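Trainee: Anchor point for the sequence shown: position 318 equals 764 in this note's numbering, and the numbering is continuous, going up by one each time.
For glycine and all other residues, C-beta sits at the position ideal for the given N, C-alpha and C.
Quick caveat, the model's predicted, so the values are computed rather than measured.
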Amino acid sequence: MKKLATVLATGLLALAATAEAGSKCNGGAVNNRSARGRHVLTAVVAHPAEKDIVDTAVGAGSFKTLVAAVKAAGLVETLKGAGPFTVFAPTDEAFAKLPKGTVETLLKPENKAKLQAILTYHVVAGKVMAADVVKITGAVSVQGQQIDVAVKDGKVKVDGANVVKTDIACSNGVIHVIDSVLLPADKDIVDTAVGAGSFKTLAAALTAAGLVETLKGEGPFTVFAPTDEAFGKLPEGTVANLLLPENKDKLIAVLTYHVVPGKVLARDVVKLKSAKTVNGKEAKIKVSDKGVMVDGAKVVTTDIETSNGVIHVIDSVILP
């Protein structure tokens, strides 16, 4: 990737130049030997970063808002801990892009939980250097939701935010600088489905089955969600019949067959041959060059993240 390669190359050239300068002095961080009167660089002694993530951010001077947020969220000791952590750090300018008053509101004590969720969404467990970031399409954050990574035209985007500087080494991890604040999904499965506008029948069915509160609960859940068009493929009168009060148990059985306990992202779904549903029965999963099928229904959209799980959209209703 051009941009990252340039950043890394620049860093290496600077290191080499520093090492060469040091070799001309008595003592320095290099071993050298004389070759026809010239000094030849033979080894560089690497010095580990001395500052942790928090102190590095403070010292940089361009993360004042981030540091204030980390303090307000009570995450200072965590990010000064052993780690290692990878932090996608928004600059002060990135925070300034948020709607007026957003930062001030988030810093209030009553919004501590929400602030923690946002900040931990910027953190990935482990030390992921730029060379590794460009090889992945996503990473699960400490907050629990997946951060999407995309590489296009030599540029790296993390959930739509541009990565503008990489590989700032810290004693307990690494910082990559981004130009926008990342915001995790804050709507639950039901509200996400309602907001999408293409799951009206599913929403009506959940209401009739008395499952709304369940799918608005903590979870997490994985829902294979049939669209309105998917329900439209059923024989005429089927949906209307299922929505009748006397058929509530049958409707519950059908709907819970679309739900799997836990949060199963697409990258994990493709590794499965089946998944045990909340209904208690196994839904068969088949992966081929035509795509991913769940009990014969094609998965058409994946990884719609919600605050309590994930939705994968399917083109047919699956029946237990």
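1) Which residue marks the beginning of the beta strand (DSSP E) containing Asp633, and which one marks its end?
2) Ordered along the chain, which non-local residues of its own chain (more than five positions away) have a Cβ less than 7 Å from that of Leu680?
3) Per DSSP, which one or two residues make a beta bridge with Ser734?
4) According to DSSP, Asp594 sits in a beta bridge with which residue or residues?
5) So, using beta-carbon positions, are Gly584 and Val570 closer together than 8 Å?
6) Measure the CB-CB distance between Val767 and Val549 and report whether it falls below 8 Å.
7) Below 8 Å on the Cβ atoms is my guess for Ala518 versus Leu544; work out the distance and round it to an integer in Å.
8) Going by other Cβ atoms of all chains shown within 10 Å of its Cβ, with 16 needed for buried, is Lys709 buried or exposed?
9) Under 8 Å by Cβ, that's how I've got Ala729 and Ser720 pegged, so tell me the actual separation to the nearest angstrom.
10) For Ala686, count neighbouring Cβ atoms within 10 angstroms of its own Cβ and tell me buried if that reaches 16, exposed if not.
11) Pick from Thr566, Ala514, Ser617 and Met575: whose alpha carbon is nearest that of Thr551?
12) Check this for me: beta carbons of Ala404 and Val640, under 8 Å apart or not?
13) Can the beta-carbon of Gln589 be found closer than 8 Å to that of Ala607?
14) How many angstroms separate the CA atom of Ile698 from the CA atom of Asp634?
15) Would you call the CB atoms of Thr511 and Phe541 closer than 8 Å?
16) Would you kindly work out how many angstroms separate the C-alpha atoms of Asn557 and Gly520, rounded to a whole number?
17) Can you name, in chain order, every residue of its own chain whose Cβ lies under 7 Å from the Cβ of Pro666, other than the five neighbours on each side?
Mentor: This is what the structure gives:
1) As a first step, residue 633 must be located in the sequence shown, where it is residue number 187. Contrary to the premise, residue 633 reads as Lys rather than Asp in this sequence. Element bounds for Lys633: n/a, residue is neither H nor E.
2) On the sequence shown, position 234 is the one that residue 680 refers to. Contacts found: Val763.
3) By 1-based counting over the sequence shown, the position of residue 734 is 288. Beta-bridge pairing links Ser734 to Gly737.
4) Taking the sequence shown and counting its residues from 1, the one referred to as residue 594 is at position 148. Answer is Gly584.
5) Mapped onto the sequence shown, residue 584 falls at position 138. Mapped onto the sequence shown, residue 570 falls at position 124. Going by C-beta atoms, Gly584 is not nearer than 8 Å to Val570.
6) Coverage of the chain is limited to positions 447 through 766, which leaves residue 767 absent and any answer about it impossible.
7) As a first step, residue 518 is located in the sequence shown; it is residue number 72 there, counting from the start. As a first step, residue 544 is located in the sequence shown; it is residue number 98 there, counting from the start. In fact, because the Cβ distance is near 15 Å, the residues do not count as touching under 8 Å.
8) Residue 709 sits at position 263 when you count from the first residue of the sequence shown. With 16 or more Cβ atoms within 10 Å of its Cβ, Lys709 is classed as buried.
9) Mapped onto the sequence shown, residue 729 falls at position 283. Mapped onto the sequence shown, residue 720 falls at position 274. Going by Cβ atoms, the distance from Ala729 to Ser720 rounds to 6 Å, so yes, they are a contact pair.
10) Indexing the sequence shown from 1 puts residue 686 at position 240. Classification of Ala686: exposed, given that the 10 Å Cβ count is below 16.
11) If you number the sequence shown from 1, residue 551 lands on position 105. Considering only alpha carbons, the answer is Ala514.
12) Beyond the ends of the chain as shown, which are 447 and 766, falls residue 404; an answer cannot be given.
13) Your numbering for residue 589 matches position 143 in the sequence shown. Your numbering for residue 607 matches position 161 in the sequence shown. Contact flag unset, no.
14) As a first step, residue 698 is located in the sequence shown; it is residue number 252 there, counting from the start. As a first step, residue 634 is located in the sequence shown; it is residue number 188 there, counting from the start. Cα to Cα, Ile698 sits roughly 19 Å from Asp634.
15) The count along the sequence shown starts at 1 and reaches residue 511 at position 65. The count along the sequence shown starts at 1 and reaches residue 541 at position 95. Taking 8 Å as the Cβ cut-off, Thr511 and Phe541 qualify as a contacting pair.
16) Counting from one through the sequence shown, the residue named residue 557 turns up at place 111. Counting from one through the sequence shown, the residue named residue 520 turns up at place 74. Going by C-alpha positions, Asn557 is about 12 Å away from Gly520.
17) Counting from one through the sequence shown, the residue named residue 666 turns up at place 220. Excluding positions up to five away in sequence, the list reads Gly708, Lys709, Asn754 and Gly755.
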